[in-house]
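Written below as structure tokens is the structure these notes are about.
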Amino acid sequence: MDRRTLIRLAGAAPLAASLPLATAQGTYPVRPVRMVVPFSPGGTTDVLARLVGQKLQDSLGQPFPVENRPGANGNIGTDLVAKATPDGYTIAMGFDGTMAINPHMYAKLPYHPQRDLQAVVSVAQVPLIFVVQSSLPVKTMGDFIAWARAQGDKVHWSSAGHGSTGHLTGELFKSRTGLKMTHIPYKGGGQALQDLLGGQLHLLVTAPPTVDGHLKSGALRALALSAPARLPGLPDVPVMAEAGVSDLVVASWYGVFVPSGVPAEIVRTLNRAINEVLAQPEIRTRFQAMGTEPTGGTPEQFAETLRRDDARWGAVVKENGLRTE
């Protein structure tokens, strides 16, 4: 073998060594991608993850199975993703509760969203809906406020969990109305929903997809939304201002995150594919019918949303003394 041949082979070696990684990134995904939901089945995070995951399988050619990992108000499942191998095969459907509120709620959070996770894309923006069991003797939010005031401190209400957006929105509602309600925390909106249906709770503050089917069946009654205007998918549900509760406009967001260190090409692939899913007329119609607005956008835009709401909710937690040591 002559000197020129040796030089050519030596120069080709680094390129050959780089091919498996480049090919793996370029053809991502080559195997199933697990989408971790840090709550029990049936809640809004779970519903959105399953809708998006099915469409991602159709477009990217690999399954996106949902894996529910509830516990510690979403911290267990979120931490699992934060500590996963940064190869793009473990992703999270997160929301502002786990990403922007929990860092202020818990003194010893096992992960830091802005350090250990990377924002991929915003999936949906969702106002909170206040619902009661249909058998409760109230028809409007005004009726409920009058009824709850007469019950004193015997009214039990819930949300997706301690420190969730629904929890903080409910606390704001209490401060606006002067009601003395007791918050009962659960490991997700799905579990709270079952106890509302069973009569153990009087009020649930959650995102509309959690209760969509039960509103349509008549098992639950919607009293008001924390939105600035009525939603096309829920035209008969008034907003808080119409119900006589001023200055209570809150929307929660949901989106996809990956562990920090995932290659930029994989982040771009996921971002592009999810944006395409959210642009599909079928998905937009299904989201809006549940009172949810599909969003999308760039990773940079989503990261900025996280930074903004981290500051916003941090102030609310501090002002209301909700931090858990």
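Taking my numbering, the leading residue of the sequence shown gets 72, the next gets one more, and so forth. Even glycine gets a Cβ: it sits at the ideal position worked out from N, Cα and C.
Among D266, R343, E371 and G259, which residue has its Cα nearest to the Cα of P141?
Residue mapping note: residue 141 aligns to position 70 of the sequence shown, counting from 1. When only C-alpha atoms are compared, the closest one is G259.
Between which two residues does the alpha helix (DSSP H) containing G391 stretch?
As a working note, residue 391 is residue 320 in the sequence shown. The displayed chain sequence assigns Asn, not Gly, to residue 391. Residues P370 to N391.
Could you spell out the range, first to last residue, of the beta strand (DSSP E) harbouring G326?
Position 255 of the sequence shown holds residue 326. Element bounds for G326: A322 to P330.
Rounding to the nearest angstrom, what Cα-Cα distance links Q222 and T376 in this structure?
As a working note, residue 222 is residue 151 in the sequence shown. As a working note, residue 376 is residue 305 in the sequence shown. Going from the Cα of Q222 to the Cα of T376 covers about 39 Å.
State buried or exposed for L92, treating a residue as buried only when at least 16 other CB atoms are found within 10 Å of its CB.
Translated into the one-based positions of the sequence shown, residue 92 becomes position 21. Bear in mind that the predicted position of L92 carries a pLDDT of just 36, short of 50, making it unreliable; the figure below should be weighed with that in mind. Burial call: exposed.
Per DSSP, what are the beta-bridge partners of A190 in this structure?
The residue you call residue 190 lines up with position 119 of the sequence shown. In DSSP, A190 forms a bridge with F328.
Considering only the alpha carbon of each residue, which of N146, D318 and P208 lies closest to K179?
Within the sequence shown, residue 179 is the residue found at index 108, counting from 1. Nearest option by C-alpha distance: N146.
Considering Cα atoms alone, identify which of D129, L131 and L122 is closest to V137.
Looking up residue 137 in the sequence shown gives position 66. Taking only the C-alpha atoms, the option nearest V137 is L122.
Exposed or buried, which one is N391 when buried takes at least 16 other CB atoms within 10 Å?
Reading the sequence shown from its first residue, position 320 is the one you call residue 391. Around the beta carbon of N391, fewer than 16 other beta carbons sit within 10 angstroms, so the residue counts as exposed.
In three-state terms, what does DSSP make of V308?
Translated into the one-based positions of the sequence shown, residue 308 becomes position 237. Coil, per DSSP.
Taking only beta-carbon positions, decide if V137 is within less than 7 Å of chain D.
Judged by its chain identifiers, the structure shown contains no chain D, having just a single protein chain.
Taking L275 as part of the beta strand (DSSP E), name the residues at either end of that continuous run.
Along the sequence shown, one-based indexing puts residue 275 at 204. L274 to T277 is the extent of the beta strand (DSSP E) around L275.
Residues in its own chain within less than 6 Å of R186 by CB, not counting five upstream and five downstream?
On the sequence shown, position 115 is the one that residue 186 refers to. None.
Which full runs of the beta strand (DSSP E) of 3+ residues lie inside the region 239-282, going along the chain?
Those beta strand (DSSP E) runs which fall completely within the region 239-282 and span 3+ residues are 252-254 and 274-277.
Rounded to a whole number of angstroms, what is the C-alpha to C-alpha distance between L286 and G332?
As a position in the sequence shown, residue 286 is number 215, starting the count at 1. As a position in the sequence shown, residue 332 is number 261, starting the count at 1. Using only the alpha carbons, I get a separation of about 42 Å.
So, G249 versus V276, is the Cβ gap smaller than 7 Å?
Position 178 of the sequence shown, counting from 1, holds the residue named residue 249. Position 205 of the sequence shown, counting from 1, holds the residue named residue 276. Their beta carbons are not under 7 Å apart, which means G249 does not touch V276 by this criterion.
Could you work out which residue in D150, A120, P198 and D158 is closest to R301 when comparing CA atoms only?
Position 230 of the sequence shown, counted from the start, is the residue given in the question as residue 301. Per the Cα distances, P198.
Buried or exposed: which applies to R343, given that a residue is buried once 16 or more other Cβ atoms fall within 10 Å of its Cβ?
Position 272 of the sequence shown holds residue 343. Classification of R343: exposed, given that the 10 Å Cβ count is below 16.
Secondary structure at H183, three-state DSSP: helix, strand or coil?
The residue given as residue 183 occupies position 112 in the sequence shown. Coil.
Do L319 and M212 have their C-beta atoms within less than 7 Å of each other?
Start at 1 with the first residue of the sequence shown, and residue 319 comes out as number 248. Start at 1 with the first residue of the sequence shown, and residue 212 comes out as number 141. Not closer than 7 Å, so no.
Note down, in chain order, each residue of its chain lying with its Cβ closer than 7 Å to the Cβ of T149, except the 5 sequence neighbours on either side.
On the sequence shown, residue 149 is found 78 positions in, with the first residue counted as 1. Around T149: P109, A163, G165, T169 and Y182.
Is the Cβ-Cβ distance between G114 and G232 less than 7 Å?
Reading the sequence shown from its first residue, position 43 is the one you call residue 114. Reading the sequence shown from its first residue, position 161 is the one you call residue 232. In this structure, G232 does not lie closer than 7 Å to G114 by Cβ.
Please classify V283: is it buried, with 16 or more other beta-carbons within 10 angstroms of its beta-carbon, or exposed?
For the purposes of this step, residue 283 is taken as residue 212 along the sequence shown, with counting starting at 1. Per the sequence shown, the amino acid found at residue 283 is Asp instead of Val. Counting Cβ neighbours within 10 Å, D283 comes out buried, since at least 16 surround it.
If S323 sits next to M311, beta carbons under 8 Å apart, how far is it from one beta carbon to the other, in whole angstroms?
Within the sequence shown, numbered from 1, the residue matching residue 323 stands at position 252. Within the sequence shown, numbered from 1, the residue matching residue 311 stands at position 240. That belief does not hold up - the Cβ atoms of S323 and M311 are roughly 15 Å apart, past 8 Å.
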